[in-house]
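K.L.:
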Amino acid sequence: MTRRDETYAVSVPGASSFPCSQGDTLLRAALRAGVPAAYECNSGGCGTCKFVVEDGEVAVLQEEPAGLTARDRRKGKQLACQTVPLGDLTAQLLLNPQWPSGHARPRRFSGEVTAVRPLTHDLVEITIVTDRPADFLPGQFAMVGLDGVAGGPAHTERAYSMSNLANPEGIWQFQVKRVPDGAVSGRVTGLTRGAVVHLDGPYGNAHLQDTDRDIVCVAGGSGLAPMVSVARGLAVRPDASRRRLDFFYGGRACRDRCAQEFVAEISGALSQVRFVEVLSAADEDDWDGPRGYVHEALAAAGPAELADRDIYIAGPPPMTDAVVRMLVLEWRIPVEQIHYDRFF
Ligand SMILES: Cc1cc2nc3c(=O)[nH]c(=O)nc-3n(C[C@H](O)[C@H](O)[C@H](O)COP(=O)(O)OP(=O)(O)OC[C@H]3O[C@@H](n4cnc5c(N)ncnc54)[C@H](O)[C@@H]3O)c2cc1C
Ligand code: FES
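Those letters in the sequence shown? Residues 1 to 344, by the UniProt record's numbering.
#1: Would you tell me roughly how many angstroms separate the C-alpha atoms of SER21 and ALA59, rounded to the nearest one?
#2: Evaluate contact between the segment 328-337 and the segment 301-320, counting only Cβ atoms and requiring at least three cross-stretch pairs below 8 Å.
#3: Three-state secondary structure (DSSP) at HIS295?
#4: Note down, in chain order, each residue of its chain lying with its Cβ closer than 6 Å to the Cβ of PHE262, except the 5 sequence neighbours on either side.
#5: Whole angstroms is fine: what's the gap from ILE338's alpha carbon to VAL323's?
#6: Just checking, does the segment 249-267 make contact with the segment 119-137 on the three C-beta pairs under 8 Å criterion?
#7: So is MET1 buried or exposed if we call it buried at 16+ other beta carbons inside 10 Å?
#8: What are the residues that DSSP puts in a beta bridge with HIS155?
#9: Please go through the same chain and pick out, in chain order, the residues whose beta-carbon is closer than 7 Å to the beta-carbon of GLY182, but skip the five residues on each side of it.
#10: From ALA134 to PHE343, what does the alpha carbon distance come to, in whole angstroms?
#11: Is it buried or exposed for LEU329, if we count other Cβ within 10 angstroms and need 16 for buried?
#12: Since THR90 is in the alpha helix (DSSP H), which residue starts that stretch and which ends it?
#13: Given a threshold of 16 other Cβ atoms within 10 Å of its Cβ, counted over all protein chains shown, does HIS207 qualify as buried or as exposed?
#14: Starting from the C-beta of ILE313, find all residues in its chain whose C-beta is less than 6 Å away, skip the five residues before and the five after it, and write them out in chain order.
#15: Verify the contact flag: CYS49, CB atom, against every heavy atom of ligand 2, threshold strictly below 7 Å.
#16: Can you find the residues in the same chain that come closer than 7 Å, C-beta to C-beta, to ARG105, ignoring five residues on each side of it along the sequence?
#17: Under the criterion of a Cβ to heavy atom distance below 7 Å, does ALA225 qualify as lining ligand 1?
#18: Residue ranges of each alpha helix (DSSP H) run of no fewer than 4 residues wholly in the segment 263-308, ordered along the chain?
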């Protein structure tokens, strides 16, 4: 008979074995143990964490996650971020040879909502305080979990990026966009002070890098939070007064505008800041700034000035993919200078 606190042993051929607590996913257990498992979204969307079970029994969180094709399924592939071991397991887990050091290992904990601030008609800044330091790198995300989401399991989670910086006071800030008919974003944006929220993190590889290159941030829609964190991280570096930031933000209409406040906040700390805001569907009467999509604004700026930068991108997958395609295929920017999170 299984006990709630049971721990299983996971063996990865060619790597050391690690423990997995009952109910944890294979990916999270690996990361908690410091095993450099390959992943991006931790949400079943990107397919980076595909693996094959060699021996043992598992359950899955999603039957048909977007990150697995029918061909993958025929070949017996699964997603480590959506797989829960049911006993000891041997798994051909893909490891990331470039896994950076300095990541805090993800842990589970709870926090209390202390402030809720509307940023636009559908974007809300939520501040959560925990009783342990907020330990993460600028640009990382956490899984935010709520109890009793209609139609979901007892505890339903989604990935949300922190917009602030690590701090000993345990303050975690998120900017959450209310998605129409969204199971969790609707609940998170409706939270009030005093609500208890489950957190699990930090996760994510698209964080501020320790290089001396100037940086470009590209945010679309709800992708603002990690780009604000990356920009804030740059602004507190010892060499900030010699660093340049180009911040591109793409929204739909005037009522989506709020990014400027965050860029203005850090611009005094940097040597040069350019803020470019582009709207794809603004009314003629309301907006005389640039129109179109954020990758078009970046294309208009051109590679001559931007190609030697570290470039950070966050937002909906079509926008992120369009930017990355342009940077890699047209601008020929080395992949180690490009860091992105797609918000599946
Ligand atoms: C690494 C990562 C970081 C993220 N960071 C943030 C963040 O900082 N802020 C934030 O607001 N979101 C962020 N997201 C997205 C977030 O995790 C959820 O996917 C989103 O809030 C929708 O969840 P839901 O439960 O409300 O919608 P669901 O119930 O899961 O989906 C409802 C419907 O909405 C569609 N949908 C899902 N997401 C979106 C979207 N973003 N825009 C339009 N339609 C959508 C779905 O396809 C579905 O049809 C991030 C995602 C990832 C993977
Ligand atoms: S990390 Fe598992 S699908 Fe993205």
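Just so it is clear, CB atoms sit at the ideal spot from N, CA and C, and this is done for glycine as well. Computed from a predicted structure; not experimentally measured.
P.N.:
In brief:
#1: 14 Å
#2: yes
#3: helix
#4: VAL228
#5: 10 Å
#6: yes
#7: Unreliable placement is indicated for MET1, whose pLDDT of 42 sits below 50; the coordinate value is still reported in the next sentence. Under this definition MET1 is an exposed residue.
#8: ASP147
#9: none
#10: 22 Å
#11: exposed
#12: Not the alpha helix (DSSP H): THR90 falls in the beta strand (DSSP E), residues 89-92.
#13: buried
#14: VAL218, THR320, VAL323 and TYR340
#15: yes
#16: LEU31, ARG32 and GLY34
#17: yes
#18: 294-301 and 303-306
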